[in-house]
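One structure is given below, encoded as structure tokens.
Protein chains: 2
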Amino acid sequence: MRIRIGIMGYGNLGRGVECAVKHNPDMELKAVFTRRAPENVKILTPGVKVYHADEAVSMKDEIDVLILCGGSSTDLPVQTPELAKYFNVVDSFDTHARIPEHFDAVDGAAKENGHVGIISVGWDPGMFSLNRLYAGAILPGGHDATFWGKGVSQGHSDAIRRIDGVKDARQYTIPVESALEAVRAGKNPELTAREKHTRECFVVAEEGADLERIEKEIVTMPNYFADYDTTVHFISEEELMRDHAGIPHGGVVIRSGKTGWEDENSHVIEYSLKLDSNPEFTASVIVAYARAAYRLNQEGQTGCKTVFDIAPAYLSAESGEELRKRLL
Amino acid sequence: MRIRIGIMGYGNLGRGVECAVKHNPDMELKAVFTRRAPENVKILTPGVKVYHADEAVSMKDEIDVLILCGGSSTDLPVQTPELAKYFNVVDSFDTHARIPEHFDAVDGAAKENGHVGIISVGWDPGMFSLNRLYAGAILPGGHDATFWGKGVSQGHSDAIRRIDGVKDARQYTIPVESALEAVRAGKNPELTAREKHTRECFVVAEEGADLERIEKEIVTMPNYFADYDTTVHFISEEELMRDHAGIPHGGVVIRSGKTGWEDENSHVIEYSLKLDSNPEFTASVIVAYARAAYRLNQEGQTGCKTVFDIAPAYLSAESGEELRKRLL
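So the sequences go chain by chain: Y and C.
The opening position of the first sequence corresponds to residue 1 in the UniProt record's numbering, with each subsequent residue numbered one higher.
The opening position of the second sequence corresponds to residue 1 in the UniProt record's numbering, with each subsequent residue numbered one higher.
Set out below in structure tokens:
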């Protein structure tokens, strides 16, 4: 009677979901779907098969929740509404500006077909969003700030890799400690992008490439780097593999606010994450919400939901009675 | 059409609720109830009346949510189930071991009479409990630890005040920094009470009292101090008023856990509070949950709930659409 999980897309996130399912004894991995040739995709779980993505719908009765591990730019806007017709689904859609339209698309498909779709699950959007909501409801009129890092930004690393003469690259986003301290002290500083984060780049250049030009292209790149203090280190491929193979990340959400009849008392609420593996942590959050998707649907609920709409108890394998006794 | 709030009991917490209602424009304070002579209780909100506690039931149609600000040892076990017959109620019942029976009593009364009762709201139990649940669901098999302080423990201050020859006292609970760091580093240390917190006491003795005896009685007091490293400072009444008039508190909930196929990656989730005023912050959490109690009841829900059972969106005055757009 375990919750049967399917994984759509087997990159870092899909693999993270597979590992997270292993950590949750009330779940089992039922199938992995890929757009690659299934015979070329090796997964970790013994006895579980890899299928082509096109076969997913035919397995709808064998899967309780399908977890969508594609990208937010082109995969999820299509996949999540489409697959919500056949499955309860969870995704990690993270294009903040497009969340409202994604919500509506998934909501329609899920409601029409009696499923639950939970979108934008992970840590930001996800746990950070939740903490912004809770802290904002408790301290209305306060101020909040989110800092990311120290961690690898895949988007920024990719942007560097697209530069001519770059073989590989890893970009770290690093919060500025003095800005963090000012926010923690409740000073509500008005901070520019440059004042909040610095960017550190480790770049493997192709042989004979013009390093000066590459560095200049990086630090002046609009949107990605121009608004930040950016440092560039050229290293060898071996150094990149040895010292920068991981995908750590993390960050902090801080809200400060006042209470009292004349706002005489100050309070600071802080939520922080230090993650060795961004995709594995994101996957762990997603799997907890897959449990919620299953249970909500068992109760007869349908439609699109976000972390804001789900009572925390649905995430835990324990009963309400156990939770009250042990954790309250 | 604001949410009409009543306050039962006007001590530090009741006053904190009054201030929190002022910070939430979708709410209004309707009445304060006290067991003292109402004419002797001065409140802050212009135009709002103070009534005797016995008059509360007769005002049930004028109040959407009654917030119970009594103590957990004798007031709330009686008041919350009794008043849940007539009102949607929220309390901050914090006797952890008795939460299950309190839940059952409130659940019965609230269900029978079509009300919502939310119990054990505040920061511990409350926000800390929530964070234990979320973090535990995300990192199953991990370890968590809660540290309290630096802050004033009312229970420990009261225990000192009961000692013969003590005129007044303030006790601070202080987390041991090295223990905190070990937990943050994911080392899962097995910590005794003594290793996690120290206790610092500021005591005003009566004239001519035997200070040595008082100090000995404090540091050897079972349950309260004997299991901790405790320091005692004798100070003047003026010093106590000048330097220790506030009721600050706070603390931190940390969970560390592993992910990956072979548990190869570590993660640390940390939630921390730094509070100038323990009762005002507790009251601010309670008022957000009062909004939830009102809305849940409007939707037709009844019975006892805790922070675990309530979707975060119910706490915010903003619509789901606004929340998704602005905070997700």
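Glycine included, C-beta positions come from ideal geometry on N, C-alpha and C.
Asked	Found
Output needed in chain order: residues of the region 226-259 of chain Y with a Cβ under 7 Å from some Cβ in chain C.	T259
For C/F33, report the span of its beta strand (DSSP E) as first-last.	27-34
Which residues does DSSP pair with Y/I3 in a beta bridge?	Y/M27
For Y/A205, which of Y/D91, Y/I163, Y/M127, Y/V252 has the nearest alpha-carbon?	Y/I163
Which same chain residues, not among the five before or five after C/G14, have their C-beta less than 6 Å away from its C-beta?	I7, C69
Residues in the region 255-286 of chain Y with C-beta within 7 Å of chain C's C-beta atoms, listed in sequence order?	T259, G260, W261, N265, S266, H267, V268, I269, E270, Y271, S272, L273, K274, L275, D276, S277, E280, F281, S284, V285
Using only alpha-carbon positions, find the residue among C/G108, C/D168, C/S73, C/V65 that is nearest to C/V298.	It should be pointed out that residue 298 of chain C corresponds to Gln in this sequence rather than to Val. Taking only the C-alpha atoms, the option nearest C/Q298 is C/V65.
When you compare the CB positions of C/G16 and C/K150, do they come within less than 8 Å of one another, or not?	no
Report the neighbours of C/N24 on chain Y: residues whose CB is nearer than 8 Å to its CB, in chain order.	P140
Any residues in the region 111-125 of chain C with a beta carbon nearer than 8 Å to a beta carbon of chain Y? Which ones, in chain order?	S120, P125
Along the region 91-102 of chain Y, what residues have a CB closer than 8 Å to any CB found in chain B?	The structure shown has no chain B; the protein chains it does contain are Y and C.
Which residues in the same chain have their Cβ closer than 6 Å to the Cβ of C/P189, if we skip the five residues on either side of it in sequence?	A182
Step through the CB atoms of chain Y and report whether any lies within less than 8 Å of the CB of C/A288.	yes
On a Cα-Cα basis, can you pick out the residue from C/E212, C/F128, C/A311, C/S256 that is closest to C/G165?	C/E212
Below 9 Å on C-beta distance, what does Y/T306 contact in chain C?	A313, G320, L323, R324, L328
Leaving out five residues on either side along the sequence, give the residues of the same chain with a beta carbon under 8 Å from the beta carbon of Y/L139.	R255, S256, G257, K258, T259, H267, I269
Which term fits Y/T306, buried or exposed, when burial requires 16 or more other beta carbons within 10 angstroms of its beta carbon?	buried
Short of 8 Å in beta carbon distance, which residues of its chain neighbour Y/I174, apart from the five on each side in sequence? Order them along the chain.	G149, K150, H197, T198, R199, E200
Let me see if you follow: with CB-CB separation under 8 Å, is C/A109 close to chain Y or not?	no
Mind checking Y/T34: buried by the 16 CB within 10 Å criterion, or exposed?	buried
Counting only beta-carbon atoms, is C/R295 nearer than 8 Å to chain Y?	no
Y/A169 bridges to which residues according to DSSP?	Y/V203
Quick one: complete beta strand (DSSP E) runs, 3+ long, within the region 243-270 of chain Y?	249-259
Which same chain residues end up closer than 6 Å to Y/R2 when comparing Cβ atoms and leaving out the 5 residues on each side of it in sequence?	D26, M27, E28
With 16 other CB atoms within 10 Å as the buried threshold, where does residue 414 of chain C fall?	A query on residue 414 of chain C cannot be resolved here, the shown segment of chain C reaching from 1 to 328 and no further.
Taking contact to mean at least 3 C-beta pairs separated by less than 8 Å, is the region 224-235 of chain C in contact with the region 95-114 of chain C?	no
Hey, how far is the Cα of C/S120 from the Cα of C/G126?	6 Å
Going along the region 200-222 of chain C in order, which residues come within less than 7 Å of chain Y, judged by CB to CB distance?	none
Which residues in chain C have a C-beta closer than 8 Å to the C-beta of Y/R132? List them in chain order.	L327
Could you tell me which uninterrupted beta strand (DSSP E) segments, each at least 3 residues in length, are contained entirely in the region 85-173 of chain C, listed from first to last along the chain?	88-90, 116-118, 143-148
On a CA-only basis, which of Y/F225, Y/C304, Y/E18 is nearest Y/A67? Give me that one, please.	Position check: residue 67 of chain Y holds Ile in this sequence, whereas Ala was assumed. Taking only the C-alpha atoms, the option nearest Y/I67 is Y/E18.
Should Y/R242 go down as buried or exposed, given a rule of 16 or more other Cβ atoms within 10 Å for buried?	exposed
With a cut-off of 8 Å on the beta carbons, I'd call C/H23 and Y/G300 a contact; round off their distance for me.	Incorrect: roughly 37 Å between the Cβ atoms, too far for contact.
Looking at the secondary structure, which residues open and close the alpha helix (DSSP H) in which Y/C19 lies?	12-22
So with CB distances below 8 Å, who are the chain C contacts of Y/C69?	Those within 8 Å of Y/C69 in chain C number zero; the least Cβ separation is about 15 Å.
By the three-class DSSP mapping on this structure, what secondary structure does C/M221 have?	coil
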